[in-house]
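Engineer: First residue of the sequence shown? That's 1 in the UniProt record's numbering, and the numbers climb one at a time after it.
Where a beta carbon is used, it is the ideal one built from N, C-alpha and C, also for glycine.
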Amino acid sequence: MNQQKLFMCQDITHDEGDIQGFCLNLDCQNSKSQFCTQCAIDPKKHSNCKKDLKVFGQIQNLITQFKYNIFDLTDQLNNSFQNAKFKFEEYLKSLERMKTQLDKISKCFNQQDYQQMRESLSMIKELYQYFNNQEEIMIQNKIGTQLNNVKKMIATLEGNKEQQFTQSNQIDIQSTFQQGVQLLNLKKWQLANKQLTENIKYLEKQISFNKFFQGLSLIEMNQPGKGITMREQAKKINSNLYKDLLEYTDLELCKSPQNTFMLIAKNYALADEKKYQLAIQQCELVLKEEPDHLHALFRKSFSLYHQKQHSQAISCIDQALQQYQNYCMGYLMKGCSLEELKKYSDAIICYEKAIQIDPNFASAYINKGNSLKNLNKYNDAMIYYEKAIEIDPKYPVAYVNKGNFLKFLKKYNDAINSYDQAIEIDPNYTIAYIYKGNTLEDLQKGNDAIICYDKAIEIDPNDVVAYIYKGNFLKNQNKLHEAVDFYDKAILLDPTNDEAYYNKGICLTKMNKLQSALDNYEEAIKWCKSNKNEFRELIQQIAIKK
Numbered sequence: 001m002n003q004q005k006l007f008m009c010q011d012i013t014h015d016e017g018d019i020q021g022f023c024l025n026l027d028c029q030n031s032k033s034q035f036c037t038q039c040a041i042d043p044k045k046h047s048n049c050k051k052d053l054k055v056f057g058q059i060q061n062l063i064t065q066f067k068y069n070i071f072d073l074t075d076q077l078n079n080s081f082q083n084a085k086f087k088f089e090e091y092l093k094s095l096e097r098m099k100t101q102l103d104k105i106s107k108c109f110n111q112q113d114y115q116q117m118r119e120s121l122s123m124i125k126e127l128y129q130y131f132n133n134q135e136e137i138m139i140q141n142k143i144g145t146q147l148n149n150v151k152k153m154i155a156t157l158e159g160n161k162e163q164q165f166t167q168s169n170q171i172d173i174q175s176t177f178q179q180g181v182q183l184l185n186l187k188k189w190q191l192a193n194k195q196l197t198e199n200i201k202y203l204e205k206q207i208s209f210n211k212f213f214q215g216l217s218l219i220e221m222n223q224p225g226k227g228i229t230m231r232e233q234a235k236k237i238n239s240n241l242y243k244d245l246l247e248y249t250d251l252e253l254c255k256s257p258q259n260t261f262m263l264i265a266k267n268y269a270l271a272d273e274k275k276y277q278l279a280i281q282q283c284e285l286v287l288k289e290e291p292d293h294l295h296a297l298f299r300k301s302f303s304l305y306h307q308k309q310h311s312q313a314i315s316c317i318d319q320a321l322q323q324y325q326n327y328c329m330g331y332l333m334k335g336c337s338l339e340e341l342k343k344y345s346d347a348i349i350c351y352e353k354a355i356q357i358d359p360n361f362a363s364a365y366i367n368k369g370n371s372l373k374n375l376n377k378y379n380d381a382m383i384y385y386e387k388a389i390e391i392d393p394k395y396p397v398a399y400v401n402k403g404n405f406l407k408f409l410k411k412y413n414d415a416i417n418s419y420d421q422a423i424e425i426d427p428n429y430t431i432a433y434i435y436k437g438n439t440l441e442d443l444q445k446g447n448d449a450i451i452c453y454d455k456a457i458e459i460d461p462n463d464v465v466a467y468i469y470k471g472n473f474l475k476n477q478n479k480l481h482e483a484v485d486f487y488d489k490a491i492l493l494d495p496t497n498d499e500a501y502y503n504k505g506i507c508l509t510k511m512n513k514l515q516s517a518l519d520n521y522e523e524a525i526k527w528c529k530s531n532k533n534e535f536r537e538l539i540q541q542i543a544i545k546k
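1) Exposed or buried, what is P224 when buried is set at 16 or more other beta-carbons lying within 10 Å of its beta-carbon?
2) What separation, rounded to the nearest whole angstrom, lies between the Cα atoms of Y429 and N132?
3) Could you tell me the alpha carbon to alpha carbon distance between N533 and N497, rounded to whole angstroms?
4) Going by C-alpha to C-alpha distance, which of K334, Y276, Q129 sits closest to C316?
5) Mapping the DSSP letters down to three states, classify G21 as helix, strand or coil.
6) Quick one: using the 10 Å Cβ neighbour count with 16 as the cut-off for buried, is I431 buried or exposed?
7) Would you check if the distance between the CB atom of N199 and the CB atom of G180 is smaller than 8 Å?
8) Along the chain, where does the beta strand (DSSP E) that runs through L53 open and close?
9) Suppose contacts are defined by Cβ-Cβ distances below 8 Å. Is S303 in contact with A320 by that definition?
10) Candidates Q60, C23, T37: which alpha carbon is nearest H46's?
11) Within 10 angstroms of its Cβ, does C254 collect 16 or more other Cβ (buried), or is it exposed?
12) Between the Cα of L241 and the Cα atoms of L216, E441, I264, D272, which residue gives the shortest distance?
13) Quick one: what does DSSP say Q34 is sitting in, helix, strand or coil?
14) Could you give the first and the last residue of the continuous alpha helix (DSSP H) run that contains M262?
15) Distance check for D113 and I154, CA to CA, integer angstroms please.
16) Would you say the stretch 226-233 touches the stretch 195-212, given that touching needs at least three Cβ pairs under 8 Å?
17) Please name the residue in N110, T13, C28 whose C-alpha comes closest to that of N61.
18) Go through its chain and collect everything with a Cβ distance to L184's Cβ below 6 Å, but skip five positions before and after it.
19) Are Y324 and A313 closer than 8 Å when you measure CB to CB?
20) Are the CB atoms of D42 and N25 nearer to each other than 8 Å?
21) Which residues in the same chain as H295 place their Cβ atom closer than 6 Å to its Cβ, once the five residues preceding and following it in sequence are excluded?
22) Pop quiz: Y469 and G437 are said to be a contact at Cβ under 8 Å. What is the actual Cβ separation, rounded to whole angstroms?
23) By the three-class DSSP mapping on this structure, what secondary structure does M221 have?
24) With H, G and I counted as helix, E and B as strand and the rest as coil, what does DSSP make of M8?
25) Ignore the nearest five residues each way along the sequence and tell me which others in K387's own chain have a CB closer than 7 Å to its CB.
26) Mapping the DSSP letters down to three states, classify S120 as helix, strand or coil.
27) Check whether the stretch 513-531 touches the stretch 325-332, counting contact only when three or more Cβ pairs, one atom from each stretch, lie closer than 8 Å.
28) Would you mind working out which of K243, A483, C108, R97 sits nearest N462, comparing C-alpha positions?
29) Determine the direct distance from the alpha carbon of A490 to that of K475, and round the result to whole angstroms.
30) Consult DSSP for S47 and reduce its assignment to one of helix, strand or coil.
31) In angstroms with no decimal places, state the Cα-to-Cα distance between E424 and I237.
32) Measure from the alpha carbon of V484 to the alpha carbon of each residue in M511, E458, D460, I459, then state which is nearest.
33) Can you grab the Cα-Cα spacing for the pair G215 / N360, in whole Å?
34) Return no unless some Cβ of chain D is closer than 8 Å to the Cβ of Q10.
35) Which term fits Q277, buried or exposed, when burial requires 16 or more other beta carbons within 10 angstroms of its beta carbon?
36) What does the Cβ neighbour count give for L127, buried or exposed, with the cut at 16 atoms within 10 Å?
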């Protein structure tokens, strides 16, 4: 059928009248969208959408108006750019594509290429419905949905419709669920599955955030046992919790730079990436406004502890304990630093105080068990590990610490069972794989050990400890070049890690690369915050050999 014939009315009763335009109603029940003059007045045709019959001239005007509206939205989006980066480029490209398509359709009109224009009719229909019936954007109107999202983002970035945006998000969650059900009814199984899967991921992310912040509130209420349990639940729901949290806090802090608990949440996320100095900076921003903020002091002390600055960590947490003598988390944190300073009896006093304040604080029982082990009180230590597991049977940290104790007692198979229990609870708990691998080495099961180290690296390619342990294994196998590669990866991730420098230097010395070993130890002295004297002694030993 030629183009001229195609654009004559196909209804035999209408004497092949010329097509005047198209019906732009997305829900039109007629099999053909085009209409002639008689179609327009026929009561049986387009009975529910007469107002949506538009002649070619009107459609051309609508396209011009659509282009104007798209340009207007583009301008609004550009003006809001400084307040949002994460969605800007995505939406802008989408709008640019729409403008390009509309230009092509307009060109088709000018060239009277009605066939090509007809193929683009769905876009015109979707834009027509969006700009004329915004209150009822239909599921199949993808363009309308995109434009709605653009307008919501603009309103949110302007900062004057935040409450509406929150309500809109709630509506969107319900809407995407309903869309999934509607797609099921339309027998579009794959689309339904995709829609509902995306909705589940979004909900899981929101639930994990809620549980994380609920955990913070419980710590503030001096119930850290429940608070840490809540945080573990958040991590189990969302394996990317801290990465997502970092993105979220950055966005919120753009709106409100002094949002106290966004700064504290960002501290947790940065600490998880072992960026302790940046984590401390978040606490300092809080402490600048509230010098005695307990949670900020605790988190600063936590980061100092992980930087092996234990005296400073104790000084910091003492400031919190002076303000509130029953601060449970403060006693745990102080005990941890005292333990690292080998003041085990003093550490135990702190842990006992924490347990007295919160009898459900599993971490305090674990740490007391560790200090008792260091005092050679092995039976007592095991009692506290078991007590921690009794309090929180789903806390993987408890099983790992029990495993470490059993490994220390050379009960290797029992230790592996404990690590396996931790992995069963949290399959992404890398330290359990690492310690299991190290225990398998003790059992002369080197191949199995490597599998564990590789699994830890697969789960978290930024896990410094995993690279060090695999490097140690290779060093013990006299595969010195390979071992150095793994120590280098650890140093790249954490330039302050003294253990990586130490073991790398040992390998280089054995390889008779004495100058490289010297350079390595010099770097260690430059970057590491502890063991500087030990590195100086190693330099002297190499200097004698040279």
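Structural biologist: Taking the coordinates as given:
1) Taking all protein chains shown into account, P224 has 16 or more neighbouring C-beta atoms within 10 Å of its C-beta and is therefore buried.
2) 53 Å
3) 15 Å
4) K334
5) strand
6) buried
7) Taking 8 Å as the cut-off, the Cβ atoms of N199 and G180 count as close.
8) 53-55
9) no
10) Comparing Cα-Cα distances from H46 to each of Q60, C23, T37, the minimum goes to C23.
11) exposed
12) D272
13) strand
14) 260-272
15) 37 Å
16) yes
17) Selected option, being the one with the closest Cα: N110.
18) Contacts found: A192.
19) no
20) no
21) I264
22) 6 Å
23) coil
24) Here M8 carries a strand assignment [DSSP, helix/strand/coil].
25) Y365
26) coil
27) no
28) K243
29) Cα to Cα, the separation comes out at about 15 Å.
30) coil
31) Put simply, the backbone Cα of E424 is about 15 Å away from that of I237.
32) It is M511 whose Cα lies nearest to the Cα of V484.
33) 14 Å
34) No chain D appears in this structure, which consists of one protein chain only.
35) Label assigned to Q277: exposed.
36) buried
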